[in-house]
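S.K.: I am attaching a structure below and will ask some questions about it afterwards.
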Amino acid sequence: LAKLFKGREISNNINPDEAVAYGAAIQGAILAGLEDDTVNQLLLLDVIPLSLGIETEGRFNEVVVPKNSTIPTTRNQMFAASSEYQEAILIKVVEGERALTKDCHELGQFTINVTPQARKDSKVMVVLDIDADGLLEVSAMDMKSKNSNKLSITSDRRILSSDEIGKMIDEAKQFEEKDKKDKLILMKKIELRRELDKARSTFPDLDSYKQRSIPDARANEFTQYLNDLEMWVDHDNNQDAALYDKKTEELRKKLNYLTSGSDAKNSSKDPKENVLS
């Protein structure tokens, strides 16, 4: 412990129970507005022990309020729909330090109706507000329709035991590298799925091939290719990010060849924006 604090001498003559009681008394005096010279010289800050985040596409934990942030506080972040012309979005709130929400503590969820539109035009503002009493209010607004919804989460629903909090923080450190790898693979899968969705929307049926004067044999071949690729994505447990990149680029080239007669690169961006479920 002394090394952690750069060699400073550690005092062991302080009773921990007294320290807690003293801090609680000071906090109570501050909240009660007690006018006292000693109290006025002190500043006690409440902080949140774990980060607060929103689940995004792929079940990622997108941290909005980092752990140890002082309260009261208000943070906001812009998100987007995960699908084209989506009519409703699920807002799931979690606390924890892990990359995936399955490894975090879920606090609650609600749904907001949004304007059906192209995914690239979708904008949903999510606001997390924590007051001095620890009450967390999460609100979401569709920026086009101004439709909104919110959820209130009391502090007793958020408070885990010190042992549970310590365990979650330790596990976040222990699995940091694994979480990074898992997140990368999931992002690659999402990117490939988006290219598949793009191909399906471009060629929804055989008539769409005929409109581009594409022979039936080639149309059937590409349709079967999409079916096989979709099956592979749905059932594959591959952990090789490079293989996903290869298949995504192959699909882009095939699709671009059918639509324009030439190969193209970088026809779609990586899924780096914050996309909701």
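Just so it is clear: in the sequence shown, position 73 is 73 by UniProt numbering, and no numbers are missing. Glycine included, every Cβ here is placed at the ideal spot set by N, Cα and C. If you're wondering where the values come from, they're calculated on a predicted model, not measured in any experiment.
Around the C-beta of residue 234, are 16 or more other C-beta atoms found within 10 angstroms, so that it is buried, or is it exposed?
M.R.: exposed
S.K.: Check whether the Cβ atoms of residue 17 and residue 99 lie closer than 8 Å to each other.
M.R.: no
S.K.: Closer than 8 Å by C-beta to residue 245: which residues in its own chain qualify, once you throw out the five before and the five after it? Chain order, please.
M.R.: 188
S.K.: I need the straight-line Cα distance from residue 29 to residue 132, nearest angstrom please.
M.R.: 14 Å
S.K.: For residue 55, report the span of its beta strand (DSSP E) as first-last.
M.R.: 52 to 56
S.K.: Expressed to the nearest angstrom, what Euclidean distance is found between the alpha-carbon atoms of residue 169 and residue 53?
M.R.: 15 Å
S.K.: Taking the alpha carbon of residue 214 as the point to measure from, which residue in 94, 151, 140, 255 has its own alpha carbon closest?
M.R.: 255
S.K.: State the DSSP-derived secondary structure class of residue 106, mapped to helix, strand or coil.
M.R.: strand
S.K.: Taking C-alpha atoms, which residue in 219, 190, 247 lies nearest to residue 60?
M.R.: 190
S.K.: Considering only residues of the same chain and omitting the five flanking positions on each side of residue 263, which have a CB-CB separation below 7 Å?
M.R.: Note on residue 263: pLDDT 47, under 50, position unreliable in the model; the coordinate value appears next. Excluding positions up to five away in sequence, the list reads 253, 256, 257.
S.K.: Excluding five sequence neighbours on each side, which residues of the same chain lie with their C-beta closer than 8 Å to the C-beta of residue 182?
M.R.: 99, 100
S.K.: Can you grab the Cα-Cα spacing for the pair residue 185 / residue 241, in whole Å?
M.R.: 6 Å
S.K.: Taking the alpha helix (DSSP H) that residue 275 falls in, what are its first and last residues?
M.R.: No alpha helix (DSSP H) contains residue 275, which DSSP labels as neither H nor E.
S.K.: DSSP three-state call for residue 154: helix, strand or coil?
M.R.: coil
S.K.: Mapping the DSSP letters down to three states, classify residue 250 as helix, strand or coil.
M.R.: helix
S.K.: So residue 169 is in the beta strand (DSSP E); what residue range does that whole segment cover?
M.R.: In the DSSP assignment, residue 169 falls outside any beta strand (DSSP E) and within the unbroken alpha helix (DSSP H) covering 162 to 174.
S.K.: With a cut-off of 8 Å, does the C-beta of residue 154 fall near any C-beta of chain D?
M.R.: Looking at the structure shown, chain D is missing, and only one protein chain is on hand.
S.K.: Just checking, does the region 137 to 149 make contact with the region 106 to 114 on the three C-beta pairs under 8 Å criterion?
M.R.: At 8 Å Cβ cutoff, the stretches touch.
S.K.: With 16 other CB atoms within 10 Å as the buried threshold, where does residue 21 fall?
M.R.: exposed
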